Amino acid sequence: MTLVDTDAWVEVGLTADLMTDRGMAALVGCHQVAVFRLGDGSIHAIDNHDPISGANVLSRGIVGDRAGVPVVASPIYKQCFELATGRCLDDPWLPVRVHHVRDADGRLLVRLGTAVPESG
Amino acid sequence: MAERPILAVIGNGMVGLRFLEQAVGQGLAERYRIVAFGDEPQPAYDRVHLSAFFDDDGGDLGLADECWYAANGIELRLGCRIAALDTTARTVVDDRGEVLEYEHCILATGSYPFVPPIPGTDAAGAFVYRTIDDLEAMRAWATAGCSTAAVIGGGLLGLEAANAMRQLGLHTTVVELAPRLMAVQLDDGAGAVLRRKVEELGIEVRTGVGITAVRTSPDGRAVGLDIGADAPPLDVDLVVFAAGIRPRDQLARDAGLAIGERGGVVVDDGLLTSDPAVHAIGEVASHAGRVHGLVAPGYEMAEVVARRLAGDHAAVFAPTAPATKLKLLGIDVAVAGASEGASAIVVDDPVSGTYRKLVLGDEGEVVGLVLVGDAGPFAALSGLAIAGAPAPANAFDLLTGVADAGDAGTVCSCHNVTGAAVRSAICDGGLEDVGAIKACTKAGTGCGSCLPLLDRILGEELRAAGKEVSRGLCEHFGQTRQELFEVIRVTGIRSFAELAGRFGTGRGCAVCKPAVASMFASLSSGHILDGEQASLQDTNDHFLANIQRDGTYSVIPRIPGGEITAGGLIAIGEVARDFDLYCKITGGQRVDLLGATVDQLPLIWARLIDAGFESGHAYGKAMRTVKSCIGSVWCRYGVQDSVQLAIDLELRYRGLRAPHKIKLAVSGCARECAEAQSKDVGVIATERGWNLYVGGNGGMRPRHAQLLAEDLDSGTLLATIDRFLMYYIRTADRLERTATWLETIEGGIDHVRAVVIDDALGLAKDLDADMARHVATYECEWKATLDDPVRLARFRSFANTDEPDPDLTFVRVRGQRQPA
C-alpha cells in the first residue's frame with residue numbers, strides 16, 4: 001500500500017453538487033473526506049471518519065452552529081466537530097483532521113491536510 | 001519538511017494499535033515519524049475474541065487494516081522482531097540488523113503464555129493459546145485425526161481455549177489446579193454454577209488437579225496427561241496450555257530497565273520506565289507492583305501515554321477496581337471489585353442456574369459484585385461496587401432484578417454513569433444544559449435513551465439550586481416545541497431559515513433542525529427531501545433508513561397489521577439474499593434488513609416497491625406499526641376482526657410524523673395477545689366494540705396504557721384516535737412519548753379525554769381537519785424518491801466514485817453477515 005501524495009489536489013466533483021448545509025463524502029486515495037458548503041458559501045473539509053463511533057459518517061451529519069461556531073454533529077452519537085478546525089466540542093481529545101478544499105471554476109478540489117488542531 | 005524525530009512502537013497487539021490510534025488522534029503523526037513493529041505476520045487483531053477464529057465462517061478478527069496505517073502516516077513493519085534496545089544510544093535494532101534512532105520508544109510487547117516446567121510440553125500436539133498462528137497449528141493438528149483435547153487452565157483464557165476446542169469438534173476436558181473455575185475472580189458458589197453450565201455444554205471439568213507431565217508416544221506425539229500418582233492418566237490427542245501469561249519483558253531486561261519482582265517493566269503513574277525516553281504499556285508493564293492482564297487497563301495506558309506525548313502532563317494511569325462483563329462459552333459472567341468481604345447478599349438459584357452476590361464491607365458499603373448466568377443487575381450495581389458506595393435499601397431487589405435502580409443507580413448504561421455522578425457533576429461543575437453534562441460525564445453520548453432522564457435530573461437540580469430552567473428547544477430557539485408548533489401552524493412558515501430569522505438565532509443544530517422538519521412534516525409540507533427540508537433531516541430521514549453503528553443502514557418495508565402473503569415473504573427473502581442483508585424479525589411484526597450501504601438503498605427499494613411494498617417509516621419519529629393478534633377470523637376466542645382493524649389503522653396513520661415514534665396494537669379479545677396495553681395506542685376487542693387505551697410503552701421505563709374510552713364502534717374509534725394523535729403532536733415536547741406527555745400535561749388523561757371526546761377546548765374540528773389532510777396527502781416517501789432523479793442523486797457513498805465505503809468489514813455469524 002502506498003502513501004497518498006499529500007501535496008496533490010484531487011478533483012472530487014462539482015461544487016454545484018454540494019447542498020447548502022449538508023455534507024458529501026469523497027475518497028482521496030484511501031482516505032475518506034467529508035466536504036461541506038455552508039449558507040455563507042464557504043466550503044470546508046474534514047475527515048469523514050468519526051473517531052467516536054469508528055464509522056465513516058461525518059459527511060452525513062447535521063450542519064449547524066454551537067454558540068456561533070459552525071459545526072457538524074456526528075449522526076451516530078451526536079458529538080459536534082468544528083468545521084474550521086476539526087476540534088471535537090464534546091471531547092477535546094478526539095479531534096479530526098482538517099483538509100484543504102477549494103473551488104476552481106466550479107470544480108471542487110481537495111488536498112489532504114496534515115494539521116490536527118491543538119488538543120485541550 | 002525537516003526530518004521528524006522517530007517514535008518507535010514495539011509490539012503491534014491490541015494495546016499497541018490503541019496507542020497508534022490515540023497518537024493519530026493527538027496529532028503525534030505530524031510531529032513524529034511513527035514506526036510500529038509487530039513480530040506476527042498480520043497487523044493487530046482482536047486477540048480477546050480469538051476463539052471466534054474457529055466460527056463457521058472463519059471469523060474475521062481484523063481491527064485496522066494496513067491501509068489505515070498508511071493513510072495515517074504510520075510505518076508498519078510486520079514479521080519484524082526487535083532484537084535489542086539501547087537506551088544510551090536511544091536506538092532499536094531489528095532482527096535484520098537495521099538500526100533506528102528514536103526520540104521516544106513505547107514498549108507494547110504484551111505477554112507470552114505460561115507453560116509449567118514439566119516433562120513433555122514440547123511434544124507434537126501440545127500447544128499454547130495466544131496467536132492466530134497457534135490456532136492455525138491447532139486446527140491442522142486437530143483435523144488430522146484428533147477427537148479429544150485437554151485445556152490446562154480454568155481461568156478466562158482457559159475457558160476461551162475450551163470454546164475453541166469445542167468449535168473444532170473435540171471432546172474437551174478443562175484441567176484446573178485451583179479448586180474452582182475462574183479462581184481469581186469468582187467465589188466457590190459462583191465457580192460451582194459456572195462449572196455446571198460449562199458441563200452442560202459437554203465440556204468436562206477437573207478442578208484441584210495438577211498435571212505432572214505430558215505423556216508422549218515413542219514418536220514424540222502428545223497422548224495424554226499425568227495428573228498425580230493417585231489418579232489414572234488422562235488420555236487426549238491434543239493439549240493446550242492456557243494457564244496464565246507472563247510479561248514479555250526480555251528486551252527490557254537486556255536493556256537494563258528496572259523489572260518488577262513478579263516480572264514486567266516497572267512504570268510510574270505516567271507509564272514511564274526507568275529510562276526517561278521509554279514508556280511501557282499493556283501486559284508488559286508492571287504498575288504499582290501489578291501486571292494488568294485485561295485489555296481495558298491496557299487501553300487506558302495507551303491513552304495516557306499518547307496524551308502525555310502530546311503535552312498533557314497531568315494524564316496519569318489510575319486503574320479503577322476491575323469490572324468485567326463477558327460471555328464465556330455463551331454464559332454471562334460479570335464481576336466488579338472483590339468477590340469476598342465482611343458480609344454479602346447471595347442469591348444462588350439452581351433452578352434458573354444463576355448466582356448473584358453483592359459483597360459488602362465492614363461499614364455495609366458495597367465492595368464487590370459477582371454474577372453468573374445472568375448479568376442483568378450489573379448495570380445497576382457495578383458502579384456502586386467500584387465507588388464503594390453504601391448499599392441501597394433495595395439492594396436485594398436490585399440484585400434479583402425485581403427493582404430497577406431509577407436514577408439512583410446507573411442512568412447511562414452505555415458509559416456506566418450513575419445518577420449520583422450526574423447530580424454531582426451538575427452541582428460541582430455548575431452545569432446548566434444537557435450538552436455540558438454529556439461533555440463532562442459522557443452520559444447520554446451512547447444510545448441516547450437516557451437523555452430525557454438527564455433533562456429531568458438537570459431540571460430538578462437547577463430548581464433545587466434556585467436557578468431558572470429553560471424550557472426552550474435549544475440554544476437557537478427559546479420556545480418550547482409546543483410554542484414553535486403553534487408559531488408554524490399560525491404563521492404558515494415552511495422554511496427553517498425564515499423561522500430562525502424571525503423567531504430564533506443562528507444556523508440551527510442537530511436538535512432544532514430535525515424537530516422543525518418533523519413539525520413541517522406533521523403539518524403536511526410535501527416530500528421531506530425537497531428543497532431546504534432535506535438539509536434539516538437527521539441522517540435516518542435523509543436516507544429514509546435507520547443508520548447502524550458501522551454507518552450502514554437497515555431497511556424495513558411496511559407490513560400492515562403484520563399480515564403478509566407467501567409471495568411477499570419470498571420477495572423480501574430474495575431481496576435480502578441478493579444484497580446479502582442480515583434479517584431479523586422485529587417486535588412490530590415486520591422484517592428488518594440490515595447492512596445496506598447508502599448506494600444500495602435505492603436498488604433495494606426499487607425491488608421492494610416492484611413487489612408491492614412501501615416505506616415502513618421505521619427511520620422516522622413517526623407512526624411505526626400496528627401489531628395485531630390473529631383475531632376472530634381464525635382464533636376460537638377472538639370476538640372481533642383485529643387484523644382487519646390493525647390494517648385499517650396502519651394504512652390511515654402511515655407516514656404520520658410526531659414528537660417521537662408511535663406504536664399501536666389491536667387485540668381481538670381480552671386475552672390481549674397483541675400486548676396493546678404496552679402501546680401508545682392500544683385497542684382491545686369487546687363483545688360490544690373496542691376499548692381504547694393510550695399512553696403505554698416499553699423501552700427504558702415501561703408504562704401500561706390507560707383506558708381512554710370503552711365499547712366504541714369502529715367509526716368512533718377512528719375519530720377518537722385521530723384527535724388523540726393530533727392533540728399529542730400539537731402539544732407534546734420534543735422526543736416526548738405519549739406516556740410522559742400524559743404524565744406531564746396538566747390534568748392528565750382526564751384533560752385529554754375532555755379535549756378529544758367532549759371537545760372541551762373547541763379544537764375537535766381543527767384536529768379532525770389536520771388528520772384528514774394527512775390521510776389525503778400521504779405518499780410513499782420511497783416511491784416518490786425513486787421517481788425523482790434529483791432526490792435519487794443523493795444516494796451515493798462518495799461524490800467521486802461509485803464504490804461503497806471500502807472500510808466496511810463484516811463477519812459471518814450463524815449464516816448471516818454482521819459488522820466486524
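Chains A and B supply the protein sequences, listed in that same order.
At position 1 of the first sequence (counting the first as 1) the number is 1 in the working numbering, and the numbers step up by one without a gap.
At position 708 of the second sequence (counting the first as 1) the number is 708 in the working numbering, and the numbers step up by one without a gap.
Backbone N, C-alpha and C fix where the C-beta goes; we use that ideal spot for every residue, glycine too.
Owing to the predicted nature of the structure, the values given are computational and were not obtained by experimental measurement.
Cα separation between residue i and residue j?
i	j	result
Pro789(B)	Gly526(B)	17 Å
Gly821(B)	Asn416(B)	Since the first residue shown for chain B is 1 and the last is 820, residue 821(B) is missing from the structure and cannot be characterised.
Lys438(B)	Cys635(B)	50 Å
Ala34(A)	Gln22(B)	21 Å
Glu710(B)	Val683(B)	10 Å
Val92(B)	Ile6(B)	11 Å
Val223(B)	Phe53(B)	25 Å
Phe378(B)	Ser339(B)	14 Å
Ala252(B)	Ala280(B)	10 Å
Cys802(B)	His49(A)	Here the sequence assigns Asp to residue 802(B), which means Cys is not the residue at that position. Whole-angstrom Cα-Cα distance: 18 Å.
Gly595(B)	Gln818(B)	7 Å
Leu14(A)	Ala104(A)	9 Å
His751(B)	Thr744(B)	11 Å
Ser119(A)	Leu603(B)	Interpretation of Ser119(A) is limited by its pLDDT of 40, a score under 50 that renders its predicted location unreliable; the figure taken from the coordinates is listed afterwards. So the two alpha carbons sit approximately 43 Å from each other.
Val151(B)	Ile203(B)	10 Å
Ala318(B)	Val335(B)	19 Å
Pro43(B)	Thr131(B)	12 Å
Ala705(B)	Ala665(B)	11 Å
Arg22(A)	Gly655(B)	24 Å
Val128(B)	Gly263(B)	20 Å
Thr20(A)	Tyr778(B)	27 Å
Does any residue of chain A bring its CB to less than 8 Å from the CB of residue i?
i	result
Ile547(B)	yes
Ser535(B)	yes
Asn12(B)	no
Gly508(B)	yes
His542(B)	yes
Ser797(B)	yes
Asn800(B)	yes
Arg18(B)	no
Asp237(B)	no
Glu475(B)	yes
Arg657(B)	no
Output yes if chain B places a C-beta closer than 8 Å to the C-beta of residue i; else output no.
i	result
Ala104(A)	no
Val98(A)	no
Val12(A)	yes
Ser53(A)	yes
Val101(A)	no
Ala67(A)	yes
Arg60(A)	yes
Show which residues of chain A have a CB atom less than 8 Å away from the CB atom of residue i.
i	result
Pro806(B)	Leu27 and Cys30
Ala439(B)	Leu89, Asp90 and Asp91
Asp538(B)	Ile62 and Pro75
Along chain B, in chain order, which residues have C-beta atoms closer than 8 Å to that of residue i?
i	result
Leu94(A)	Gly25
Ala73(A)	Cys509 and Ala510
Ile76(A)	Ile547, Arg549 and Gly551
Please report the Cβ distance between residue i and residue j, rounded to the nearest whole angstrom; I am assuming they are in contact, meaning their Cβ atoms lie under 8 Å.
i	j	result
Thr686(B)	Val639(B)	7 Å
Leu499(B)	Val516(B)	6 Å
Val346(B)	Gly189(B)	6 Å
Ser615(B)	Arg558(B)	6 Å
Pro702(B)	Ser678(B)	7 Å
For residue i, which residues in chain B fall below 7 Å Cβ to Cβ?
i	result
Val20(A)	At residue 20(A) the sequence reads Thr, which differs from the Val that was named. Here the neighbours are Ser535.
Gly41(A)	In chain order: nothing, as chain B lies at least about 13 Å away.
So which residues on chain A does residue i lean against when the C-beta distance must stay under 9 Å?
i	result
Gly62(B)	Under the 9 Å cutoff, chain A gives no residues; its nearest Cβ is about 13 Å from Gly62(B).
Residue ranges of each alpha helix (DSSP H) within the region 64 to 122 of chain B, 4 or longer: 66 to 71
Along the chain, which unbroken stretches of the alpha helix (DSSP H) at least 4 residues long are found entirely within the region 412 to 468 of chain B? 419 to 429, 434 to 441 and 451 to 464
Report the start-end ranges of each beta strand (DSSP E) in the region 559 to 593 of chain B that is 3 residues or longer and not cut off at the edges. Runs of the beta strand (DSSP E) lying entirely within the region 559 to 593 of chain B, each at least 3 residues long, are 582 to 585 in chain order.
Going along the chain, which unbroken runs of the beta strand (DSSP E) with 3 or more residues stay wholly within the region 171 to 244 of chain B? Those beta strand (DSSP E) runs which fall completely within the region 171 to 244 of chain B and span 3+ residues are 171 to 176, 204 to 207, 213 to 216, 222 to 226 and 238 to 241.
Where are the beta strand (DSSP E) runs, 3 residues long or more, that stay fully inside the region 586 to 634 of chain B, in chain order? 591 to 596 and 623 to 628
Scan the region 478 to 560 of chain B and note each continuous alpha helix (DSSP H) run of 4 residues or more that stays entirely inside, going in chain order. 481 to 491, 496 to 503, 512 to 522, 533 to 536 and 539 to 543
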